[in-house]
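Peer 1: Here you go, one structure.
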Amino acid sequence: TAKPRFLAPRIDRRNLRDVTLSAGSTLKFDANVIGEPPPTIEWRAGGVPLKNGKYVTLDNSDYNTKVVIRPVQRGDSGEYTVTASNSSGRDSVTINVTVTDKPDKPQGPLQVSDVHKEGCKLKWKRPKDDGGTPIEYYAVEKYDPLKAAWVPCGRSSEPELAVTGLTPGHEYKFRVAAVNAEGESEPLETLESIIAKNPFDEPGKPGNLKATDWDKDHVDLKWDPPKEDGGSPVTGYVVEVKDKYGNWEKAVTVPAGQTTATVPGLTEGEPYVFQVRAINAAGPGEASDPTPTIWAKARNQPPKIDRTNLIEVRIKAGQNFNFDVKVTGEPVPTTKWMLNRSEVRTGERTKVTHADYNTKLSVRMATRADSGKYTVHAENINGQDSADVIVTVIDKPSPPNGPLKVTNVHAEGCKLAWKPPDDDGGQPIEKYVVEKMDEATGRWVPAGETIGPETSLDVEGLTPGHKYKFRVRAVNKQGKSDPLQTGQAIEAKNPFDAPGQPGIPEIKDYDRDFVDLQWTRPVEDGGSPITGYVIEKKEKYSPNWEKCAEVDGDVTSGKVPGLIEGNQYEFRVRAVNKAGPGEPSEGTKPHIARPKNLAPRIDRNAMIDIKVRAGHNFELDVPVIGEPPPIKDWSLKGNMVLNSDRIKVINEDYNTKLRVVDAKRSDAGTYTLVAKNINGKDTATVNISVLDVPSPPEGPLTPFNITKNSCQLQWRPPKDDGGSDITHYIVEKMDAENLRWVPVTEVSGTQARVDHLIEGHDYNFRVKAVNKFGESMPLTMSSPITAKDPYAKPDKPGAPEPTDWDKDHVDLKWTPPKKDGGSPITGYIIEKRSRFGPWEKAAEVSGNVTKGTVPNLTEGEEYEFRVIAVNKGGPGEPSEASKPVIAKPRFLAPQIDKMAMQDLVVRAGQRINFSIPVEASPKPKAEWSINGVPIKPGNRVDMQVYNNQVLFEIPFSVRSDTGRYSLTLTNDIGSCTASANVTVIDRPSPPEGPLEVSNVTKESARLAWRVPVDDGGAPILHYIIEKMDVSRGTWSDAGMSSSLYHDVVRLIHRKEYLFRVKAVNTVGESDPLETTKTTIARNEFDEPEAPEKPQVTDWDEDHVDLQWVKPKSDGGSPITEYIVQKKEKGSPYWSNAVTVPA
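Per full-length UniProt numbering, the very first residue in the sequence shown carries number 1; after that it's consecutive.
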C-alpha cells in the first residue's frame, strides 16, 4: 500500500465527545487512529491507566481503539484521556464522562421537633452525592404502626418539612428519600417513634349555654366556664354562630373572666344556632352543646299575614290546590282557615297545617263543593289579621232533570224531551247527547245530539219490533254529565203489524224458462188487509233471496218467468199489507229449469278413458239428461255390471255413477252405458285399463356351465306383462350358509351369467320380471347347485428358507406341496412382506423348480417371504412365512453414524441419552467409556445393542456425569469408535467463606465473600444476600450483587443480625454461606442526650438571655454546638432561633 513511512499520530475525534449517561448502561468509545508506524494507544481514567477487567473491555489494534465499560457506575464519572504516540509524534483527546445515578440517601440524623397532635417538623441534611443530577425534591413518608405501612406525607424542595395531617394519639416514624431524575435514594429513617400530641391539652367545653335576651338584630348569651382548663389557664372564649344553611363561623371573642356575650349583626327573620369554645395556650377547646334554634325577631309584634301566595285559583275538578302562607307576629300567632264562614278542618281530601309563623291549606281531588271564598285568620295578644282568596272549581254539569219523556213512537223512531240540569258545572251547557240501548244487544250506542242547549230530540233509525231504552247527558267544555235515563223500555212498532207467513208454495207447471206457483194465504193479516204478494227466488250456490215477481191483490198463485235452463232454483212467498212485507214462507224443494219432455242424452265429457294401477280405485260420474228421467244401465264385455263388495252402481234422476274399489286386471275393458225413456235412447262407451306388475317368468329356471365361481341360468318370459312392456329381469342368489337372497345381475333377455360364487358353497337362484309398475313374483330354481370345478387347487408348499443374501436380494428354497389337486403344478408365486407392510408379489418361478431369487430389496429393510403353488385350479394356499431377513451385506465391518453422537448439555436430574444407528454384520460388541474409563452397566446406566442400533441412557444425571463419552464397536470384520462431550449443569456450590462483615453502622454493613468452587457448569449471574433479625427469626431479602461484596442497608439501630449469601446461575440458587456470629447495627458513637431545661437570666423587648446545664452524656463524641429553639405563645410549632458553639 502506498503510504507515508513516518506519520505523526492523529486520533479521529468524531466519536469522542463528552457524554452523560445513566448508571447501569454501557459506556462505549470507538475511534480510528492514523500514524506510521502504527501508534501505541493508552487510555487513562482520572489519570489512572485503564486496563481490561470484569467490567472494562479494552481493545487496541492497529489504527483503531475501542473501550467498553459495562455497566457504568457513579464512580466511573470523570475525565477519560486517550493518547496515541509513535516515533513521529503524539496526540491525545480528553472526554468528560458524567454517570448519573440515584442520589445517596440524605444525611442524618432525621430530627423531629415541634411535635403537636396534628403534626411536627422534620429536618435533615442534604445527601453527600446528588447522583450527578440536581435533587428535584425530597419524598417524606410516615409509618403508622396501627396500619403497618409506610404512606407518603409530603414533598419538600429543602431539607426540612412541616408534617401535617397526623392522627392525634397515634405513634409515628418518619423517613425521607432524595429524588432526582434517575430515581429515589435509599431512605433516611428516624431512630425512634413519636406520639402525635400537644405539650398540653385544650380546655374542656363550656356548659349551660343559653339565650337570655334577643331582638331582630342581636342575641344575648350566657354560659358556665369549663370544668377543666387542659393544664393551661383559659385565656378567653370564642362565640360561634351558624345560620340555617351555613357552617360554624366565629362571631365574637370575650376575655377569660367574662361568661356573657352579645352577638350583633343578625338578619331579621333568620334562624341561628350558637356555641362557645374556651381558649388556652393549646388553642380552642371542645365546643359547648349548641343552643336551640333562635330566630332573629322582635319579642312583641301584632300578627301580619303575608298575602304574596294568596292568589285567586281557578282549576278543573280532580286537580289539587294549596296555599302556603307566612304569618309574622310575637308571640307566635294562632291561625285558622274559613270557607264561606265555616272553619276548614283536616279531612279525607283536605289537610290544614299550622306551624310557628306559617299556615298551610292543601286540597286534593277538588270538587265543585270546594269552590268559594277562603279566609285565613291570625291572632295573638298584640292584635289580629285576616286575608281572603277566591277558589273556583269547574266540572262537568250535573245530570239533566227528568222525567225523560218518550212520545210519537213508531216502527223506526220516537221523540224525547227533558229539563236542564240544576248545575251547569261553572260553564254554559253546549249541547245534549242522547244514547239508545237495544235490549237485544244490551249495548248503549249514540242516537243523536241537540244543536245548542235544546231539551228535546227526534230519534230515528230504530229497528222495528225491537225494545229500546234511552238516556241523555248534558255537555259543557269540561265534559259530559252523568246520564238521565228512561224508566221503562219502549217497543219500536207501528199501530198495526205486518202479515203472517203464507203456506209453502207448490210448483203446478214448468218448462225450460218458467214455473207456475200456488200457495195458501197467511193465517193473520196483521190487522190490515193483504194488498199483494212478493215471490222470491234463490239459486243453488247463492246465499241470498231476491225478488223475482209480484202479485197484486189477495191472489194465491203466480208465475215466475226468465229462468235459465239447467239452473237450480228455490222459491218462497211474502204477504204484503200497509205495514209492509210480512214473514216469508218456507222454500220449495230445489227445482231445475228444464223442458218437460226430452230424449235421453249422455254427457260424453264425463266418459273419458281411464288408466289405473291395480289396487287403486276408479270412478265414472256421468250426467244424463232427459225428461222424464231416463233408466240407466252399465255393461262390461257384454255382461251387466252389478253391485258387489268392490263395485257400486248409483243411479239418480239425471246422473249415474260407477265406482270400483281395489281395481284388478279383470276389471279392465270397454264399459257401455245405455240411457232410455219414452222419448228415446242414448249409448256411450269408455275404455278402462288396469295396470299391474307382470306375472312370474315361466319355468323351469335351468342352470348350466357351472364352475367354482360362476354359472349360467335360462328361463321363459311371463304369460302376462301387466299391461306394460317387460323392461328387464332381476336375478338373485341365496348362499345356503347365510340364507339371504341378494341381487347378482339384471338382464334384458331370458339368460344370465352369475359370477363371484364362493367355491364349495351351495346356491339357489330366482328371477323376477320387471315392468314400469314393479317386479313380478319370483320364479325359483327347483334345487340348489354347488360352486366347484372339475378339479381342486394344490396344497401349500413348505416354508421357504434363505440360502444366501445381500443388500438388494435374497435366495430362497422350499419343498413342493404334498398334493397337486389332481392337476400338475404349473408354477410358484413368491410373495414378500416388509416389517409393517402387506404381502405383495415378488417373483414367479416355473413348476419344476423349488428355489428362487427375490430381487430389488431395499437395503436395511427387514423382510418375510412365502410361496404359493399354482395349477389349472388356480393358486393354492400360501406357505408358512420364512424367518425375518434383513437386506444387508452378509459380512460388514461396524460403521457408526457419527451425526448421532452430538455434544449434549443437560441439567442435573435430566436424562443423558444416545440412540446411534450402526451397520455391522455379524452383530457387533459395544464398549462405552467416559474420559477413557470404561462404563459398566448398573442401576444408573442402561446400555443395549441391536442389529442396527446402539442405545445408551442415564435416566437421572448428576454433575459428576460430565465428560467425554466414547463408543467402540467390534465384530470379526473390524471395529470403529465415535465420541461426544456431555456437560451436566447444576446449581453452583455455596460461595467460599468466610462471610466477612465490615463497615458496620446503625443502619448498614458491608459483606464480602469468595467465588464458589464449582459454578455448576454455567456462569455465576449474581449473588443473593439475605439478613435475619435475630429477634424475629426469619430471613428477609437484603439485596443482590454481581460482585463479591455488598452493602446491606436499612438495618434497624441496635438490632442483632445474621447474614447469608447464595450464588445464582441459570439453573438456580446455591446453598447459602452464612455468618458464624451475629452483628449489632450501631455506630461507633451516638447522639448526645438532651441538656437540662434552660433558665432565663436576662431579657429585653427584642432578646432574651438563656443558660443551661450540658447533657449528662455526649454519646461518645465531644459536643460541637447547641441549637436554641423558640415557640410563640399559642403556637404548637418550635423553630430554630440561634446556634451556640460548645
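Glycine is no exception: its CB is placed at the ideal position from the N, C-alpha and C atoms.
Output needed for Q301: all residues of its chain with C-beta closer than 8 Å, excluding positions within five of it in sequence on either side, in chain order.
Peer 2: The residues are T328, G329, E330 and N382.
Peer 1: Note the first and the last residue of the continuous beta strand (DSSP E) segment covering Q427.
Peer 2: It is not in any beta strand (DSSP E) - Q427 carries neither H nor E in the DSSP assignment.
Peer 1: Thinking C-alpha only, which one of L404, R572 and K538 is nearest V485?
Peer 2: A small fix is needed here, since residue 485 is Gln in this sequence, not Val. When each option's Cα is compared against that of Q485, the closest is L404.
Peer 1: Does the beta-carbon of Y569 have 16 or more other beta-carbons within 10 angstroms, so that it is buried, or is it exposed?
Peer 2: It is buried - the Cβ of Y569 has at least 16 other Cβ atoms within 10 Å.
Peer 1: Quick check on DSSP: helix, strand or coil for R307?
Peer 2: Residue state, collapsed to three classes: helix.
Peer 1: Taking the alpha carbon of R13 as the point to measure from, which residue in P37, F6 and A84 has its own alpha carbon closest?
Peer 2: Comparing Cα-Cα distances from R13 to each of P37, F6 and A84, the minimum goes to A84.
Peer 1: Considering only the alpha carbon of each residue, which of P159, H756 and Q949 lies closest to L122?
Peer 2: If we check each option's Cα against that of L122, P159 comes out closest.
Peer 1: Given T291, which residues of its chain have a CB within under 8 Å of its CB, disregarding the five upstream and five downstream residues?
Peer 2: These residues qualify, in order along the chain: L209, K210, A211, L221, V273, F274 and Q275.
Peer 1: Looking only at its chain, what residues have a beta carbon closer than 8 Å to the beta carbon of K936, apart from the 5 residues adjacent to it on each side?
Peer 2: Cβ neighbours of K936 beyond the five flanking positions: none.
Peer 1: Tell me whether N208 counts as near the ligand SAH, meaning its Cβ is closer than 6 Å to at least one heavy atom of that ligand.
Peer 2: Summarising the ligand content, the structure contains no ligands, and the ligand SAH is consequently not present.
Peer 1: Compare the beta carbon distance of K813 and D795 with 7 Å and say whether it is the shorter of the two.
Peer 2: Against a cut-off of 7 Å, the Cβ pair of D795 and K813 comes out as no contact.
Peer 1: Give every residue of the same chain whose Cβ lies closer than 6 Å to the Cβ of K173, excluding the five residues on either side of it in the sequence, and list them in chain order.
Peer 2: Once the five neighbours on either side are set aside, the close Cβ partners of K173 are Y143, T190 and S193.
Peer 1: Counting Cβ pairs, one atom from each stretch, are 3 or more of them under 8 Å apart for the stretch 983-991 and the stretch 953-968?
Peer 2: Segments in contact, yes.
Peer 1: From which residue to which residue does the beta strand (DSSP E) around T253 run?
Peer 2: Per DSSP, T253 belongs to the beta strand (DSSP E) from E249 to P255.
Peer 1: Does the beta-carbon distance from G827 to V870 come in below 7 Å?
Peer 2: For G827 and V870, yes; Cβs fall inside 7 Å.
Peer 1: Using 8 Å for Cβ pairs, my map puts P878 next to S776. What's the rounded Cβ distance?
Peer 2: In fact, because the Cβ distance is near 46 Å, the residues do not count as touching under 8 Å.
Peer 1: By the 10 Å Cβ neighbour count, where 16 or more other Cβ atoms means buried, how is T26 classified, buried or exposed?
Peer 2: Classification of T26: exposed, given that the 10 Å Cβ count is below 16.
Peer 1: Inspect the beta-carbon positions of residue 1193 and S371 and report whether they are closer than 7 Å.
Peer 2: A query on residue 1193 cannot be resolved here, the shown segment of the chain reaching from 1 to 1142 and no further.
Peer 1: For a quick check, are the C-beta atoms of E430 and N476 less than 7 Å apart?
Peer 2: Cβ atoms of E430 and N476: closer than 7 Å.
Peer 1: In this structure, how does DSSP classify M899 when only helix, strand and coil are distinguished?
Peer 2: Helix, per DSSP.
Peer 1: Taking Cβ positions, are T1139 and E1121 nearer each other than 7 Å?
Peer 2: Going by C-beta atoms, T1139 is nearer than 7 Å to E1121.
Peer 1: Pick out whichever of K316, A278 and V332 has its Cα sitting closest to the Cα of K297.
Peer 2: The option with the nearest alpha carbon to K297 is V332.
Peer 1: By Cβ distance, which residues of its chain are closer than 8 Å to T334, with the 5 residues on each side in sequence left out?
Peer 2: Cβ within range, chain order: H354, A378, E379 and N380.
Peer 1: Assuming the contact rule is C-beta atoms closer than 8 Å, W525 and P561 should be a hit. Round their C-beta distance to whole Å, please.
Peer 2: Checking the sequence, you will find Asp at residue 525 rather than Trp. The Cβ separation is near 28 Å, so there is no contact.
Peer 1: Taking just the CA atoms, how far does Y138 sit from H116?
Peer 2: Cα-Cα distance, rounded: 22 Å.
Peer 1: Report all residues from its chain with a CB closer than 8 Å to the CB of V179; omit the five preceding and five following residues, and keep chain order.
Peer 2: Counting only Cβ-Cβ distances below 8 Å, and skipping sequence neighbours, we find P103, I135, E136, Y137, Y138, A139 and S185.
Peer 1: Taking the straight line between their C-alpha atoms, what separation do you get for I530 and I602?
Peer 2: Answer to the nearest angstrom: the Cα atoms are 48 Å apart.
Peer 1: Using the Cβ count rule (16 or more neighbours within 10 Å means buried), how would you classify F1059?
Peer 2: Buried, by the Cβ-count rule.
Peer 1: Hey, P924 and L892: beta-carbon distance below 7 Å or not?
Peer 2: Contact: no.
Peer 1: Whole angstroms is fine: what's the gap from K676's alpha carbon to Q751's?
Peer 2: Roughly 57 Å between the two C-alpha positions.
Peer 1: How many whole angstroms separate the CB atoms of D609 and N687, which I take to be in contact at a CB cut-off of 8 Å?
Peer 2: Going by Cβ atoms, the distance from D609 to N687 rounds to 4 Å, so yes, they are a contact pair.
Peer 1: In the DSSP output, what is I279 paired with across the bridge?
Peer 2: Partner(s): G236 and P284.
Peer 1: Once you ignore the five residues that flank I647 on each side, which residues in its own chain have a CB closer than 7 Å to its CB?
Peer 2: V641 and V660, listed in sequence order.
Peer 1: Between T803, L857, Q895 and E862, which lies nearest to T850 when the distance is taken from Cα to Cα?
Peer 2: Here the closest residue by C-alpha is T803.
Peer 1: Could you please give me the residues that DSSP links to Q258 through a beta bridge?
Peer 2: None; Q258 has no bridge partner.
Peer 1: Could you tell me whether the stretch 833-847 touches the stretch 751-769, using the rule of 3 or more Cβ pairs below 8 Å?
Peer 2: The stretch 833-847 is not in contact with the stretch 751-769.
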